Each structure stands twice: as C-alpha cells, then as structure tokens.
Amino acid sequence: MNYYPPCPQLDLVISLNPHSDATGLTILLSPPDQRNRRRKAFRLGEMGNRSFLNHCLVSNNAFIVNIGDMLEVLFLY
536 MNYYPPCPQL
546 DLVISLNPHS
556 DATGLTILLS
566 PPDQRNRRRK
576 AFRLGEMGNR
586 SFLNHCLVSN
596 NAFIVNIGDM
606 LEVLFLY
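If you want it as structure tokens, here you go:
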C-alpha cells in the first residue's frame with residue numbers, strides 16, 4: 536500500500552497512478568509512529584454515487600480498511 540512519507544526528491548519518486556483496487560477487502564494496521572498524520576481516503580459522496588478524495592486523521596495503531604471494487608459492487612447492487 537502507498538502509505539509512505541513524502542519524498543523530498545521528486546525526481547526519484549516511483550508511484551502508481553490514481554486507481555481503484557479490484558480486491559474485496561484490505562485491512563492495514565497503521566504504524567505506531569504515524570499518529571495524527573493526515574491520510575487521503577475515498578468516501579462515497581452525498582450526491583449520487585460519486586466518490587471524492589477526503590483527508591482523515593489516522594490514530595496510533597488504528598486499522599485502515601480499504602473496500603475494493605468487488606465489495607462495493609455487492610453493496611451497491
């Protein structure tokens with residue numbers, strides 16, 4: 536998963552383009568030193584089925600749950 540601190544040398548960055556995960560469910564445990572760090576998360580928007588990028592605070596030793604495309608399709612249809 537892409538939970539790395541920002542790289543100060545942008546020409547050395549190797550990353551993925553914005554994408555959605557095809558898996559059903561991914562559960563991550565946030566590292567202990569990542570307390571109160573802002574992370575980007577996709578949430579279902581209030582207007583229709585549009586997703587939007589939202590920032591959230593991650594607590595120490597918190598579980599981060601990513602719901603992939605397969606699980607989203609099951610709940611929406």
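Okay, so the sequence shown: first residue is 536 according to the working numbering, each after it adds one. All C-beta atoms in this analysis are idealised placements derived from N, C-alpha and C, irrespective of residue type, glycine included. Given the structure is predicted, the values throughout are model-derived calculations rather than measurements.
Nearest-angstrom Cβ-Cβ length linking residue i and residue j, presumed shorter than 8 Å
i      : j      : result
ILE549 : VAL600 : Not quite, the Cβ-Cβ distance comes to about 26 Å (not below 8 Å), so this is no contact.
Residue(s) in a DSSP beta bridge with residue i
i      : result
LEU611 : Answer by DSSP bridge pairing: none, since LEU611 is not bridged.
VAL600 : ILE562
Same chain, Cβ closer than 8 Å to residue i, neighbours up to 5 away in sequence not counted
i      : result
GLY603 : SER555, ASP556, ALA557, THR558, GLY559, LEU560, THR561
PHE598 : ILE562, LEU563, LEU564, SER565
Same chain, Cβ closer than 6 Å to residue i, neighbours up to 5 away in sequence not counted
i      : result
LEU609 : none
LEU545 : none
Sequence-distant residues of the same chain with beta carbon closer than 7 Å to residue i, five excluded per side
i      : result
LEU606 : GLY559, LEU560
Short CB-CB distance (under 8 Å) between residue i and chain B
i      : result
VAL608 : In summary, chain B is missing from the structure at hand, where a single protein chain is found.
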